[in-house]
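Start counting the sequence shown at 0; every next residue gets the next number (our numbering).
What follows is one structure encoded as structure tokens, with my remarks underneath.
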Amino acid sequence: VWRNNALKVGDSLVLTKPIGTGILGTAQKRGLLEAGAKKQLQETLLQLNKTAAEVAQADSEVHAATDVTGFGLLGHLKEMLTPEDVEPAAKK
């Protein structure tokens, strides 16, 4: 099991889908995508992450993993860069 906040110095970030896929997905849900963009998005989403998963499982140096959905790249990156032993400060 890989945690999402156990990155180590020198780790690489590997994306299995292009940046912007989530934004296009939101646009599609709202009916804002043109036919060409919609087709391209669907082709991208149909690409399996199987190869990436197999490579990660074979590499004993993988420390963390996450999906980049919902919070977008920056939201997940912030989460990944918060050490697992640091509790977030409570908001007042």
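For every residue, glycine included, the Cβ atom is placed at its ideal position computed from N, Cα and C.
Owing to the predicted nature of the structure, the values given are computational and were not obtained by experimental measurement.
What are the boundary residues of the alpha helix (DSSP H) that includes residue i?
{"i": "T81", "result": "No alpha helix (DSSP H) holds T81; DSSP gives it neither H nor E."}
{"i": "L40", "result": "A34 to L44"}
Could you tell me which residues DSSP pairs with residue i in its beta bridges?
{"i": "A52", "result": "DSSP output for A52 lists no bridge partner at all."}
Just checking my contact of residue i with residue j at CB under 8 Å: how many whole Å lie between their CB atoms?
{"i": "G30", "j": "G71", "result": "Not confirmed; about 21 Å, so no contact."}
{"i": "L32", "j": "L45", "result": "L32 to L45, Cβ: 16 Å. No contact."}
{"i": "K37", "j": "Q27", "result": "6 Å"}
Please go through the same chain and pick out, in chain order, the residues whose beta-carbon is closer than 8 Å to the beta-carbon of residue i, but skip the five residues on each side of it.
{"i": "E78", "result": "N3, N4, T65 and F70"}
{"i": "A51", "result": "V13 and T15"}
Leaving out five residues before and five after residue i in sequence, what residues of the same chain have Cβ atoms less than 7 Å from its Cβ?
{"i": "I18", "result": "L72"}
{"i": "H75", "result": "T65 and V67"}
Decide if the stretch 0-14 is in contact with the stretch 64-78; the criterion is three or more beta carbon pairs, one per stretch, under 8 Å apart.
A contact exists between the stretch 0-14 and the stretch 64-78.
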